[in-house]
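Protein chains in written order, with the numbering used here: chain C, 1 to 227; chain F, 228 to 604. Note that CB positions come from ideal geometry on N, CA and C, so glycine has one too. Keep in mind the model is a prediction, meaning the values are calculated, not measured. Accompanying notes for the structure given below.
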């Protein structure tokens with residue numbers, strides 16, 4: 001019977017860490033993007049929408065490659081990063097960035113649906129009662145789109161756990177440093193005696209995903225009842 | 228309140244071009260649905276930006292397209308109450324009431340939550356959530372929430388349309404009392420002339436995106452008499468109901484009116500009577516099926532299209548009846564002539580109950596000593 005070896009456990013913990021940080025980091029930006037898309041009409045809205053949703057249809061490898069061009073030691077952002085002494089590539093932070101970009105559209109999509117279901121008159125009423133737009137955003141829109149925020153966050157978290165293509169390009173596959181569950185499975189699958197270990201990690205992956213989906217569902221139900 | 232506005236606004240195919248100058252404490256905005264009432268309310272509250280014109284409240288410029296002034300809604304202090312109360316579902320009644328209160332200018336301290344919730348009968352509901360309130364309660368909370376933000380002007384966009392008659396007229400009395408007590412000027416928007424007459428004395432008429440005239444609500448009701456399918460609605464406050472010979476006898480300012488038995492749960496209340504349901508006789512008809520026959524003096528005659536309105540002084544109050552001009556000539560009805568007005572007991576319709584009788588509904592009595600026998604025993 002195969003058991004988890006220390007590097008497997010490291011991979012699981014790293015996956016959780018990367019997914020958590022990526023989700024938390026994306027939340028405020030996602031919320032703002034969703035707010036802009038849900039409530040504002042402006043020129044270039046279609047372009048912004050396209051840019052946000054692009055990672056949904058683009059192969060993750062392409063995203064990884066573009067990030068490599070952006071963040072590499074000779075990349076477009078190199079002058080800024082070098083002057084600040086930040087090295088991102090082939091660290092767990094690069095995995096966070098890759099996950100954030102890939103999961104972002106899922107987050108924005110769910111939050112936007114949540115916001116668009118809010119009765120516009122509630123927001124208008126809050127404004128006539130003296131609330132500024134950011135006051136209304138925090139006291140009316142945020143609490144009423146909590147369901148969308150929870151749904152988006154859990155979807156993005158799940159997507160980040162499974163992120164492979166972009167991660168392997170910008171973060172590499174270094175055991176104990178950047179090796180997440182999917183990368184570990186990839187390693188096992190490529191080695192002749194890795195079948196059992198790969199299957200075990202697959203099982204853990206399935207369990208985690210199911211747990212998140214159940215959590216997501218129960219949250220949704222709780223908010224429905226409250227309504 | 229002094230309100231001066233001239234606004235133009237284009238919304239897809241609909242064009243609004245409204246001009247109004249008004250000074251007073253309350254104004255009605257009357258017009259059919261689709262005439263632009265809500266659009267105008269939104270522009271006044273600052274929910275949309277008009278394409279041109281100006282808007283001044285008590286001399287302060289709130290919007291002016293020439294000098295590019297457009298105050299955001301939170302700086303206008305014009306509260307808006309919608310038809311469907313728009314209560315914040317994630318807050319309690321208290322949370323809703325305090326929303327505007329906590330955001331009002333600090334120097335304003337004339338209004339407090341206790342007196343407003345007492346005035347609107349909300350004191351017992353404060354800790355409840357808003358999702359299980361009745362329609363009338365919801366609307367009272369919405370009004371309280373708006374009043375507590377101590378607005379310079381309260382806009383009410385069809386606030387009673389979603390309510391049943393009883394809560395509707397209950398809220399009218401709450402509304403008038405609350406606005407008067409806290410000295411808040413208001414604009415009452417409605418397509419119902421009866422509501423409008425009970426809320427304000429002056430109304431601006433809006434049609435196809437423009438304000439066509441401003442007049443007293445009473446004059447408006449008289450002008451509308453011919454066009455309205457229900458004629459002119461007389462509103463009567465009746466009290467002291469007693470049952471008599473299968474009918475309900477009410478006191479009307481010292482006189483007596485007989486109404487059908489269906490009203491017996493209402494001891495006192497407001498009733499409406501259409502001008503179409505009053506028949507005039509020159510001489511006393513000896514026998515008549517209508518249960519009310521009042522001797523009245525004609526005090527005024529007015530024209531409304533092809534109809535003629537007859538204002539009657541019945542000693543106990545005034546009524547308006549409508550006749551065709553031919554009938555007026557035949558009966559020789561002029562100001563000062565004495566006529567008899569016949570009204571059927573069933574012509575009155577209850578608008579609101581101010582005092583109700585306990586109606587006990589019971590199942591048919593079955594004696595305990597002789598329980599009904601089951602066929603199986």
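query, result
"Below 8 Å, how does it come out for the segment 132-150 of chain C and the segment 185-200 of chain C: are there three or more Cβ pairs, yes or no?", "no"
"If I'm right that residue 493 of chain F touches residue 580 of chain F with Cβ under 8 Å, what's the distance once you round it to whole angstroms?", "5 Å"
"Whose CA, out of F/517, F/444, F/521, F/452, lies closest to the CA of residue 257 of chain F?", "F/444"
"Counting only beta-carbon atoms, is residue 126 of chain C nearer than 9 Å to chain F?", "yes"
"For residue 131 of chain C, decide whether its Cβ has a neighbour in chain F, counting only Cβ atoms nearer than 9 Å.", "yes"
"Just to check my reading of the structure: residue 108 of chain C and residue 52 of chain C have Cβ atoms closer than 8 Å, yes? What is that Cβ distance to the nearest angstrom?", "5 Å"
"Out of C/121, C/110, C/56, state which residue places its alpha-carbon closest to the alpha-carbon of residue 166 of chain C.", "C/56"
"With DSSP as the reference, label residue 408 of chain F as helix, strand or coil.", "helix"
"Mind pulling the chain C residues with CB within less than 7 Å of residue 305 of chain F?", "128"
"Using the C-alpha atoms, what's the distance from residue 341 of chain F back to residue 11 of chain C?", "60 Å"
"Determine the closest residue to residue 328 of chain F out of F/372, F/463, F/349, with distance taken between C-alpha atoms.", "F/372"
"Use the C-beta contact count for residue 449 of chain F: other C-beta atoms within 10 angstroms, 16 or more gives buried, fewer gives exposed.", "buried"
"I'd like the list of long-range same chain contacts for residue 285 of chain F, defined as Cβ closer than 6 Å, with 5 residues on each side in sequence excluded.", "229"
"Check each candidate in C/128, C/92, C/83 and name the one with the smallest Cα separation from residue 169 of chain C.", "C/92"
"Does the Cβ of residue 42 of chain C have 16 or more other Cβ atoms within 10 Å, making it buried, or fewer, making it exposed?", "exposed"
"With a threshold of 9 Å between beta-carbons, can residue 390 of chain F be considered close to chain C, or not?", "no"
"I'd like to know whether the C-beta of residue 401 of chain F is nearer than 9 Å to at least one C-beta of chain C.", "no"
"From residue 417 of chain F to residue 25 of chain C, what does the alpha carbon distance come to, in whole angstroms?", "49 Å"
"Taking the alpha-carbon positions, what's the residue 180 of chain C to residue 136 of chain C distance?", "40 Å"
"Would residue 402 of chain F and residue 386 of chain F be called neighbours here (beta carbons separated by less than 9 Å)?", "yes"
"If you measure from the beta carbon of residue 121 of chain C to each beta carbon in chain F, is any gap under 9 Å?", "yes"
"Which two residues bound the contiguous beta strand (DSSP E) that contains residue 191 of chain F?", "There is simply no residue 191 of chain F to check, as chain F begins at 228 and stops at 604 in what is shown."
"How about residue 376 of chain F: is its C-beta nearer than 9 Å to some C-beta of chain C?", "yes"
"In angstroms with no decimal places, state the Cα-to-Cα distance between residue 471 of chain F and residue 396 of chain F.", "27 Å"
"Using the three-state DSSP reduction, which class does residue 448 of chain F fall into: helix, strand or coil?", "helix"
"Going by the DSSP bridge assignment, what does residue 157 of chain C pair with across the sheet?", "DSSP output for residue 157 of chain C lists no bridge partner at all."
"Identify, in the order they occur along the chain, each residue of the same chain with its Cβ nearer than 8 Å to the Cβ of residue 183 of chain C, setting aside the five sequence neighbours on each side.", "11, 164, 167, 168, 173"
"What are the start and end residues of the alpha helix (DSSP H) that includes residue 15 of chain C?", "6-39"
"Can you give me the C-alpha to C-alpha distance between residue 414 of chain F and residue 249 of chain F, rounded to a whole angstrom?", "11 Å"
"Kindly indicate the opening and closing residues of the beta strand (DSSP E) around residue 135 of chain C.", "First-last for residue 135 of chain C: 133-136, but that is the alpha helix (DSSP H), not the beta strand (DSSP E)."
"Is residue 541 of chain F helix, strand or coil when you go by DSSP?", "coil"
"Can a CB atom of chain F be found closer than 9 Å to the CB of residue 135 of chain C?", "yes"
"Which bits of chain F does residue 140 of chain C rub up against, with CB to CB less than 7 Å?", "315"
"Pull up the distance between the alpha-carbon of residue 28 of chain C and that of residue 303 of chain F, whole angstroms please.", "30 Å"
"When the cut-off is 9 Å and only beta carbons count, does residue 273 of chain F lie next to chain C?", "yes"
"Taking 9 Å as the cut-off, decide whether the C-beta atoms of residue 362 of chain F and residue 400 of chain F are in contact.", "no"
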